[in-house]
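>
Residue numbers (my numbering): 1 to 136.
#1: Tell me whether residue 53 is buried or exposed, calling it buried when 16 or more other Cβ atoms sit within 10 Å of its Cβ.
#2: Please state whether DSSP places residue 44 in a helix, a strand or coil.
#3: Taking the alpha helix (DSSP H) that residue 127 belongs to, which residues open and close that run?
#4: Whether or not the stretch 71 to 83 and the stretch 24 to 40 are in contact is what I'm after, with contact meaning three or more pairs of Cβ atoms, one per stretch, closer than 8 angstroms; do they touch?
#5: Alpha carbon to alpha carbon, what distance is there between residue 6 and residue 80?
#6: Could you have a look at residue 72 and say whether DSSP puts it in helix, strand or coil?
#7: Please state whether DSSP places residue 67 in a helix, a strand or coil.
#8: Would you mind giving the Cβ-Cβ distance between residue 83 and residue 91, rounded to the nearest angstrom? I have them listed as a contact below 8 angstroms.
#9: Report the option in 100, 101 and 128 whose CA atom is closest to the CA atom of residue 43.
#10: Where does residue 4 fall in DSSP's three states?
#11: Given a threshold of 16 other Cβ atoms within 10 Å of its Cβ, counted over all protein chains shown, does residue 96 qualify as buried or as exposed?
#12: Using a 10 Å radius around the Cβ and a threshold of 16 neighbouring Cβ atoms, would you call residue 51 buried or exposed?
#13: What's the call for residue 36, buried or exposed, on a 16-neighbour Cβ count within 10 Å?
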């Protein structure tokens, strides 16, 4: 079900709590909300739809990837960029990494590890920041 995007900075500044298997339905809400905002959005964190759980979704090409309890394991190749966010107006400067490795649980609650590069890596880092209460 599509959810309203949260813009409350106090709420978004809180660190999200670990997700459990009971939170698996969040994947559908995130997918629906991402799809509804596809013209201006390439990723979401659960706190952006009002749920303080460690769940993110982002596009890898045309395919949305959902991660439960993602953990950034390694990163390399820092660069400066500007990003926007559905919860904010305008763009802001930030540092991202060209290549990252992330461990997570998928929608079947299986443990996975993935290495991302380029734009998918950038989107993932943005959503990981949301889980830590970091707003660009």
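Every residue gets a Cβ at the ideal spot worked out from N, C-alpha and C, and that includes glycine.
Quick look at the numbers:
#1: buried
#2: strand
#3: 118 to 131
#4: no
#5: 26 angstroms
#6: In this structure, residue 72 counts as strand in the three-state DSSP scheme.
#7: strand
#8: 6 angstroms
#9: 128
#10: Correct three-state label for residue 4: coil.
#11: buried
#12: So residue 51 counts as buried.
#13: With fewer than 16 other Cβ atoms within 10 Å, it is exposed.
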